[in-house]
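Residue numbers for the sequence shown follow our numbering, beginning at 149 and rising by one. For every residue, glycine included, the Cβ atom is placed at its ideal position computed from N, Cα and C. Fair warning: this is a prediction, and the values are worked out from it, not measured in the lab.
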Amino acid sequence: MGKEYEKNKIEILNSVLSKSNTSENPYNETINSAYFNSNSYFTNFKNELLDQYKGHALDEIEGSEFVETKYGETLKITQKEKIDFNIKKHPIKDELLCDLTLVPKIGKIRETKLNEEGYNSIPSLLEHERYFHDAKIVLNKINNNSFAKIFHLAKKSSFENSLKCLHYNDISNFKFMDIETLGLSKNVPIILIGIVEIKGKYVQSNQYFLRDKGDESAILYGFYNHLNEDSVYVTYNGASFDVPFIKSRFNYYSMDYNHNLINYDLLYYVRKLWKNKLPNCQLTTVEEHIFDIRRKNDVPGRYIPGYYETYLKEKNIGPIIPIIKHNRMDIVSLANFLMKMVNEV
149 MGKEYEKNKI EILNSVLSKS NTSENPYNET INSAYFNSNS YFTNFKNELL DQYKGHALDE
209 IEGSEFVETK YGETLKITQK EKIDFNIKKH PIKDELLCDL TLVPKIGKIR ETKLNEEGYN
269 SIPSLLEHER YFHDAKIVLN KINNNSFAKI FHLAKKSSFE NSLKCLHYND ISNFKFMDIE
329 TLGLSKNVPI ILIGIVEIKG KYVQSNQYFL RDKGDESAIL YGFYNHLNED SVYVTYNGAS
389 FDVPFIKSRF NYYSMDYNHN LINYDLLYYV RKLWKNKLPN CQLTTVEEHI FDIRRKNDVP
449 GRYIPGYYET YLKEKNIGPI IPIIKHNRMD IVSLANFLMK MVNEV
């Protein structure tokens, strides 16, 4: 970035000094950190990308191909990454059988009293005059081997147990998902949907990119083809943002979205497991502090709409290259997060 970089460093330094009563010689590291998080840096970076990719076409992006859907053609980008996804098998059923609070109308206080009376497991409640009927229903759910039923019981029991029950599902059903949008309002389009699936000792990412704003129904349909009734979402803040956003866009185009999938929102689990180890719970912060991963030339979400609009205006793929990389890193990280969580809990 040369002269432009030095010029912007000086401007930021002057701004820092004007607000400081003590700093006469700020460290270069501090100056660089400020610059690499500034609007100037991301403007310069975007301009560099425009120069670098001038004249390049979408199908030159690694792993890209145009695929036809019932809603038209869309661009799919496929990549593989080696991750030996193994999760520990926990004796979750034994723990659930000892949790009397899974039976309706039994809370912690009532559980303690029942323990004192000799009822130390759900099967023992089959001999209880008041609780035998509900205990039988819960036992049937535990012994049914339905992942959905075990998950909902485990989630009611504790957040740890909701992780421990994961091995009761086929790992091919896990769908690590993240979206990039033109803003936070549900009235704007999704510009990129990424989904990672486990394929043996690899994870495979498929990303559906919005070539122009008229293609959104096609990328939605491409994504939807990866789902079935057994699929389990793994997201980061997806319960509050990604999943409702996707559903709203399906509704916008009057497209069917018939799945009500279990969603492991890992932001919730990060707060439970690692909050005291982290300055904040942003995904990239978890990467740095828990996994020692530091991204290079990553474009934060707040700049993505502007980068995408520049791609449309200039008809230049440069600004979307880091968006695609950002999204892929997010969904691959979720696979690592989940594996570590299950094995540590």
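For residue 301, the enclosing alpha helix (DSSP H) begins and ends at 295-305. Approximately 7 Å separates the beta-carbon atoms of residue 468 and residue 455; this is inside 8 Å, confirming the contact.
For residue 319, the three-state secondary structure derived from DSSP is helix. Just measuring C-alpha positions, the residue of 251, 257 and 404 sitting nearest residue 276 is 251.
Only residues of its own chain outside the window of five on either side were considered, and among them 223 and 340 have a CB closer than 6 Å to the CB of residue 357, listed in chain order.
Residue 353: member of the beta strand (DSSP E) spanning 350-357, first to last residue. Residue 365: member of the alpha helix (DSSP H) spanning 364-372, first to last residue. In the DSSP annotation of this structure, residue 222 is not part of any alpha helix (DSSP H); the continuous beta strand (DSSP E) holding it starts and ends at 220-230. Secondary structure note for residue 242: its alpha helix (DSSP H) is the uninterrupted segment 240-245. Secondary structure in the region 421-484: the alpha helix (DSSP H) runs of 4 residues or longer, each lying completely within the stretch, are 431-439 and 452-462 in chain order. Ranking 458, 416, 473 and 431 by CA distance to the CA of residue 447 puts 473 first. The DSSP-derived three-state label of residue 233 is coil. Looking only at 471, 492, 493 and 484, the smallest Cα-Cα distance to residue 190 is reached by 471. Looking only at 271, 294, 336 and 359, the smallest Cα-Cα distance to residue 247 is reached by 271. Leaving aside the five residues that flank residue 432 on each side, the residues in its chain whose CB is nearer than 8 Å to its CB run, in chain order, 443 and 446.
In the DSSP assignment, residue 383 falls outside any alpha helix (DSSP H) and within the unbroken beta strand (DSSP E) covering 380-383. In the three-state DSSP reduction, residue 347 falls in the strand class (E or B). Within a 10 Å sphere around the beta-carbon of residue 353 sit 16 or more other beta-carbons, which makes this residue buried. Using a Cβ-Cβ distance cut-off of 8 Å, the region 360-372 and the region 341-351 are in contact, since at least three pairs of beta carbons, one from each stretch, lie closer than that value. The bridge partners DSSP lists for residue 273 come to none.
Residue 426 places its beta carbon 8 Å or farther from that of residue 381. Setting aside the 5 residues that flank it on each side, residue 219 is surrounded in the same chain by 365, 366 and 369, each with a C-beta closer than 7 Å to its C-beta; the list follows chain order. In the three-state reduction of the DSSP assignment, residue 210 falls in the coil class, being assigned neither a helical nor a strand state.
Closest option to residue 489, judged by alpha-carbon separation, among 407, 362, 479 and 310: 310. Listed as beta-bridge partners of residue 412 by DSSP are 382.
For the pair of segments examined, the region 231-246 was found to touch the region 304-320: the number of CB pairs separated by less than 8 Å reaches three. Short of 6 Å from the beta carbon of residue 327, and not among the five residues preceding or following it, lie these beta carbons of its own chain, in chain order: 338, 341 and 390. Looking at the DSSP output, residue 280 sits in no beta bridge, so it has no partner there. In this chain, the alpha helix (DSSP H) harbouring residue 194 covers 187-200. Boundaries cannot be given for residue 249, as no alpha helix (DSSP H) includes it and DSSP labels it neither H nor E. Only residues of its own chain outside the window of five on either side were considered, and among them 489 have a CB closer than 6 Å to the CB of residue 417, listed in chain order. Here the C-alpha atom of residue 479 lies approximately 10 Å from the C-alpha atom of residue 351.
Secondary structure at residue 215: strand, using DSSP grouped into helix, strand and coil.
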